[in-house]
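S.K.:
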Amino acid sequence: MMLILLLAPAFIMFVLSFSKNRRSKYLLAFTSFVILLPILELFVLPKPYNILASYLVADKLNTYVLLLSSIVGIGVTLALLTLDKHVKVSPNAYRKFYRFFALFWIGLIFSILSNNMGIYWIGLELATLSTVYMIKTNYTPAAHKEAWNYMIVGAIAVSLILFGIILMYASAKPILGEDAMAFNLLVAHAKEIPSPFLFEMGFAITTIGMFVKMGFFPMNLWLANIERASFYPVAALFSGILESAIIVGFFRFSQIAMKINYDHLFIFVFVYTLLTIFIVSFLIFRAKDFMRLFSLSGVEHMALIVMFWVSGAPFAALLHFGAHAFLKPALFLSTGVLESQGKYRIAGALRGYKGKKGTLFWFLVSLFLLAIISLPPSPMFFSELYGFGAMISTAKQGNHILAMIGAILFLLVLLSIIFYRFVAIYQSMKYEGEEKEKVVYTSELIALVLFAVALVSLLLPSTISYLKSIG
Amino acid sequence: MIDFYIGLFLATLIVALFTTRLYRLLFWYAFNSLMLGVLALSIGKSIDDNAMIITGIITIVVKAIGIPYILKNLSQKFHFVRQITPEIKVQYAIMLVPAILVFTFYLSEPIVNMIHTNANYVAISISSLFLSLLLMMEHHNVAPKIVGFLSMENSLFLLGITATNGMPMLVELGIFFDLLMAIVVINLLFHKEELKV
């Protein structure tokens, strides 16, 4: 029953997307709001809650991720209402966007809630394929090229994930039989796996697939190019929801790998993420437009989340993840307004917003820009404090304290490069360039307020205690 | 007999790498898929696994007949370039292919020692994955890249069949569903290109 409730809005949206009525745009937006209701119900149910036998199981981690994703989905739908005011978009493209958004949502529910590696992959592949067409709703040659690019690179990344899953399944099948696909059983029996090398090899391949999909080294620019070419709500969906589905998979797989050989996992992931942040920080320094800037910043934050998670700070990782899930879509949606009708100038981008709506808009954008570089009281500031603290604690146990302090200092230097770039951009947006009157619409403003409220709610004591209980 | 089928699976993939015509490439892909299906049927029969036999039948129907037919139709509908010259010259490719094979056998040696059933087949499926990636890389046109992606899917299935004696039925059906969805999306991507012209 719960599964039907979860999937029903997506199915209704899919059917409604075929209607050519002009008002269906509002009906589609309303349907996407309904997505939140069954998720809220799921959130209050006792955990773990079996949704579909042992295949789909809701626990504290995945309901948290699903709740975040549904809020992002609502924000994106709100901003979609005025998409045609900022870019040229045909009504047909609108409908197709919702059609594939519905499929995307179905894939997402399966991948986030799955307790089975195979179903996780199936959901992820469905979500990936549906986003391919979302990129194409922008009828430009660049979007067309990037849609193919996403199809091919995305397919390679997802295939690597499946390849790794098969190896992990093969490693555990002698003891668990066909249940070797279940995450909970794999965690419980991790120490009994007869061929840990096979599992670790599968984990490494899956992780590389996931990292490629999130734009980690060496594929740092492919996601930025795609987000630049597509409409801004697609970029918001990528950063706020699709990456959540990938990272929840990483959390699940790494929970098993941690029990098999923690040192191997830690060194592999830590070096990989450090290398990614090293390259991304310089790419951010050279970024010349909003989309690429925010996209590359997304890669940096994903790398930090992964780093905190493997350093034994799940609370820091989840808090950072939540803050990023709200901040990045908010920034992408703001970009749509800032770059209205193809104006890409950074200088003076925040000037010219008058009246109550305009003032609220530039205030919120400033807030998001400063929050993403972890200025207090942004949740990212606290998550980074906790995360770096956890890294030191982990190093103390392994007698690598000096190496870890060196790595953290290096990381701080890289983060300061990003910090400097964002502050310079903010100053240029606010104090340079010409002042021309610009418009912001109510629906996108509501979306930004929604994200701001959600961001603040992450710092509530009840949220913090919930997140601490997950780890 | 299984050795013969798996040999043909690898051989068809290698031949596909050197193909310069699109329809011939589709033929080799169909043959590759047919071998995969026959392999699933033979292994399924030998270990008495009905799920694997069903997978084998679906593979033959969907991958060896359905997908090549759809791709051929698409190529006629959207006027694909049928002359597909690989970017990597033949003399280099001919050295690269054995190098990949030797490398993957070396790479998968520790795994091979851990899997006792059809051990060498795991190495072959890993090499097929690399060869499919090479197929995607060596072509500039979209159509061979799609065939490369589909061959990669075949390599994954081969790994699933040989390393694990088949994955759970539900997962395999889900993978087939995703594959069909991929074909739908590919069709739509081409469709838009046509509208723009």
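Residue numbers (the numbering used here), protein chains in the order written: chain A, 1 to 471; chain B, 472 to 668.
We put the CB at the ideal spot given by N, CA and C, even for glycine.
Model, not experiment: these values are computed from the prediction.
Have a look at Ile-346 of chain A and Phe-290 of chain A and give me their C-alpha separation to the nearest angstrom.
M.R.: Along the first sequence, read from residue 1 onward, the residue named residue 346 of chain A stands at position 346. Along the first sequence, read from residue 1 onward, the residue named residue 290 of chain A stands at position 290. Distance between the alpha carbons of Ile-346 of chain A and Phe-290 of chain A: 8 angstroms.
S.K.: For Arg-252 of chain A and Phe-100 of chain A, what's the separation of their Cα atoms in angstroms?
M.R.: By 1-based counting over the first sequence, the position of residue 252 of chain A is 252. By 1-based counting over the first sequence, the position of residue 100 of chain A is 100. Cα to Cα, the separation comes out at about 27 angstroms.
S.K.: Just mark Lys-173 of chain A as buried or exposed, buried being the case when its beta carbon has 16 or more other beta carbons within 10 Å.
M.R.: Taking the first sequence and counting its residues from 1, one reaches residue 173 of chain A at position 173. The residue is buried, with at least 16 neighbouring Cβ atoms inside 10 Å.
S.K.: Which ranges would you report for the alpha helix (DSSP H) in the stretch 589-641 of chain B if only whole runs of at least 4 residues count?
M.R.: Taking only runs of at least 4 residues, the alpha helix (DSSP H) segments lying wholly in the stretch 589-641 of chain B are 590-608, 613-635.
S.K.: Quick check: the Cα distance between Glu-664 of chain B and Ala-102 of chain A, rounded to an integer number of angstroms?
M.R.: Within the second sequence, residue 664 of chain B is the residue found at index 193, counting from 1. Within the first sequence, residue 102 of chain A is the residue found at index 102, counting from 1. With a pLDDT of 47 at Glu-664 of chain B, under the threshold of 50, the predicted position of this residue should be treated as unreliable, though the coordinate-derived value follows. Using only the alpha carbons, I get a separation of about 24 angstroms.
S.K.: Output needed for Lys-676 of chain B: all residues of its chain with C-beta closer than 8 angstroms, excluding positions within five of it in sequence on either side, in chain order.
M.R.: No answer is possible for residue 676 of chain B: the residues shown for chain B start at 472 and end at 668.
S.K.: Note down the Cα distance separating Thr-477 of chain A from Phe-382 of chain A, rounded to an integer number of angstroms.
M.R.: Since the first residue of chain A shown is 1 and the last is 471, residue 477 of chain A is not available in this structure.
S.K.: What residue ranges within the stretch 276-338 of chain A form continuous alpha helix (DSSP H) runs of no fewer than 4 residues, ordered along the chain?
M.R.: Listed in chain order, they are 290-310, 314-338.
S.K.: Under 8 angstroms Cβ-Cβ, which residues of chain B neighbour Leu-162 of chain A?
M.R.: Within the first sequence, numbered from 1, the residue matching residue 162 of chain A stands at position 162. Neighbours of Leu-162 of chain A on chain B, chain order: Leu-627, Ile-646.
S.K.: Examine chain B for any beta-carbon lying closer than 8 angstroms to the beta-carbon of Gly-118 of chain A, and answer yes or no.
M.R.: Position 118 of the first sequence holds residue 118 of chain A. So, interface residue.
S.K.: What residue from B:Ile-617, B:Gln-562, B:Val-552, B:Asn-636 has the CA that sits closest to Val-593 of chain B's CA?
M.R.: Within the second sequence, residue 593 of chain B is the residue found at index 122, counting from 1. Minimum Cα distance to Val-593 of chain B is reached at B:Asn-636.
S.K.: Among A:Asn-149, A:Gly-164, A:Ile-267, whose alpha-carbon lies nearest the alpha-carbon of Trp-222 of chain A?
M.R.: As a working note, residue 222 of chain A is residue 222 in the first sequence. The candidate whose alpha carbon is nearest that of Trp-222 of chain A is A:Asn-149.
S.K.: Look at the alpha carbon of Gly-406 of chain A and the alpha carbon of Val-413 of chain A, and state the distance between them as a whole number of angstroms.
M.R.: Residue mapping note: residue 406 of chain A aligns to position 406 of the first sequence, counting from 1. Residue mapping note: residue 413 of chain A aligns to position 413 of the first sequence, counting from 1. Spanning the two alpha carbons is a distance of roughly 11 angstroms.
S.K.: Check whether chain B comes within 8 angstroms of Met-210 of chain A, counting only Cβ atoms and requiring the distance to be less than that.
M.R.: What you label residue 210 of chain A is simply residue 210 of the first sequence in a count that begins at 1. It does not: the Cβ of Met-210 of chain A has no partner Cβ on chain B nearer than 8 angstroms.
S.K.: At a Cβ threshold of 8 angstroms, is Lys-616 of chain B touching chain A?
M.R.: Stepping through the second sequence from its first residue, residue 616 of chain B is reached at position 145. Yes, Lys-616 of chain B lies at the interface with chain A (some Cβ there is under 8 angstroms from its Cβ).
S.K.: Exposed or buried, which one is Lys-356 of chain A when buried takes at least 16 other CB atoms within 10 Å?
M.R.: In the first sequence, counting from the first residue as 1, residue 356 of chain A sits at position 356. So Lys-356 of chain A ends up on the exposed side.
S.K.: If you run the structure through DSSP and keep just helix, strand and coil, what is Tyr-441 of chain A?
M.R.: Looking up residue 441 of chain A in the first sequence gives position 441. Of the three classes helix, strand and coil, the one that applies to Tyr-441 of chain A here is coil, per DSSP.
S.K.: DSSP three-state call for Asn-149 of chain A: helix, strand or coil?
M.R.: The residue labelled residue 149 of chain A in the question sits at position 149 within the first sequence. Three-state DSSP puts Asn-149 of chain A in a helix.
S.K.: Which runs of the alpha helix (DSSP H) at least 4 residues long sit entirely within the stretch 240-270 of chain A? Give them in chain order.
M.R.: Runs found: 243-260.
S.K.: Does the stretch 202-211 of chain A come close enough to the stretch 150-161 of chain A that 3 or more CB-CB pairs lie under 8 angstroms?
M.R.: Touching, per the Cβ criterion.
S.K.: In the DSSP assignment, find the unbroken alpha helix (DSSP H) run with Ile-392 of chain A in it and report its ends.
M.R.: Here residue 392 of chain A is taken as the residue at index 392 of the first sequence, counted from 1. 379-397 is the extent of the alpha helix (DSSP H) around Ile-392 of chain A.
S.K.: Tell me, please, whether the stretch 317-327 of chain A touches the stretch 383-401 of chain A by the rule of three or more beta-carbon pairs shorter than 8 angstroms.
M.R.: Output reads yes: the stretch 383-401 of chain A touches the stretch 317-327 of chain A.
S.K.: Within the 8 angstroms Cβ cut-off, does Asn-591 of chain B reach chain A?
M.R.: Along the second sequence, one-based indexing puts residue 591 of chain B at 120. Not an interface residue.
S.K.: Does the beta carbon of Glu-609 of chain B sit closer than 8 angstroms to a beta carbon anywhere in chain A?
M.R.: Translated into positions along the second sequence, residue 609 of chain B becomes position 138. Answer no: the Cβ-Cβ gap between Glu-609 of chain B and chain A never drops below 8 angstroms.
S.K.: Could you tell me whether any Cβ in chain A is nearer than 8 angstroms to the Cβ of Val-668 of chain B?
M.R.: What you label residue 668 of chain B is simply residue 197 of the second sequence in a count that begins at 1. Here Val-668 of chain B scores only 35 on pLDDT, less than 50, and its place in the model is too uncertain to base an answer on.
S.K.: Is there at least one Cβ from chain B nearer than 8 angstroms to Trp-309 of chain A's Cβ?
M.R.: Translated into positions along the first sequence, residue 309 of chain A becomes position 309. It does not: the Cβ of Trp-309 of chain A has no partner Cβ on chain B nearer than 8 angstroms.
S.K.: Would you kindly report the start and end of the unbroken beta strand (DSSP E) that includes Val-57 of chain A?
M.R.: Against the first sequence, residue 57 of chain A aligns to sequence position 57. Here the beta strand (DSSP E) through Val-57 of chain A covers 56-58.
S.K.: List in chain order: all unbroken beta strand (DSSP E) runs of 3+ residues lying wholly within the stretch 23-60 of chain A.
M.R.: List check, beta strand (DSSP E) in window: 49-52, 56-58.
S.K.: Check the Cβ of Met-219 of chain A against every Cβ in chain B and list those closer than 9 angstroms, keeping chain order.
M.R.: Residue 219 of chain A sits at position 219 when you count from the first residue of the first sequence. Chain B residues near Met-219 of chain A: none, gap ~14 angstroms exceeds 9 angstroms.
S.K.: Whole angstroms is fine: what's the gap from Leu-510 of chain B's alpha carbon to Val-337 of chain A's?
M.R.: Translated into the one-based positions of the second sequence, residue 510 of chain B becomes position 39. Translated into the one-based positions of the first sequence, residue 337 of chain A becomes position 337. Leu-510 of chain B and Val-337 of chain A: Cα-Cα distance of roughly 56 angstroms.
S.K.: Taking Gly-215 of chain A as the reference, which of A:Ile-122, A:Pro-377, A:Ser-295, A:Ala-79 has the closest Cα?
M.R.: If you number the first sequence from 1, residue 215 of chain A lands on position 215. Among A:Ile-122, A:Pro-377, A:Ser-295, A:Ala-79, the Cα nearest to that of Gly-215 of chain A belongs to A:Ser-295.
S.K.: Where Lys-88 of chain A and Val-248 of chain A are concerned, what is the direct C-alpha to C-alpha distance, given to the nearest angstrom?
M.R.: One-based indexing of the first sequence puts residue 88 of chain A at position 88. One-based indexing of the first sequence puts residue 248 of chain A at position 248. Their backbone Cα atoms lie some 35 angstroms apart in a straight line.
S.K.: Is Ser-230 of chain A helix, strand or coil when you go by DSSP?
M.R.: Stepping through the first sequence from its first residue, residue 230 of chain A is reached at position 230. Of the three classes helix, strand and coil, the one that applies to Ser-230 of chain A here is coil, per DSSP.
S.K.: Report yes if the C-beta distance between Leu-488 of chain B and Leu-602 of chain B is below 8 angstroms; otherwise report no.
M.R.: Your numbering for residue 488 of chain B matches position 17 in the second sequence. Your numbering for residue 602 of chain B matches position 131 in the second sequence. Yes, Cβ-Cβ distance for Leu-488 of chain B and Leu-602 of chain B is below 8 angstroms.
S.K.: Helix, strand or coil for Ser-457 of chain A, going by three-state DSSP, please let me know.
M.R.: Along the first sequence, one-based indexing puts residue 457 of chain A at 457. In the structure shown, Ser-457 of chain A sits in a helix (DSSP, three-state: H, G or I).
S.K.: Between Thr-140 of chain A and Phe-368 of chain A, what straight-line distance do the alpha-carbon atoms span, to the nearest angstrom?
M.R.: Sequence index remark: in the first sequence, residue 140 of chain A carries index 140 (1-based). Sequence index remark: in the first sequence, residue 368 of chain A carries index 368 (1-based). When rounded, the distance between both Cα atoms is 30 angstroms.
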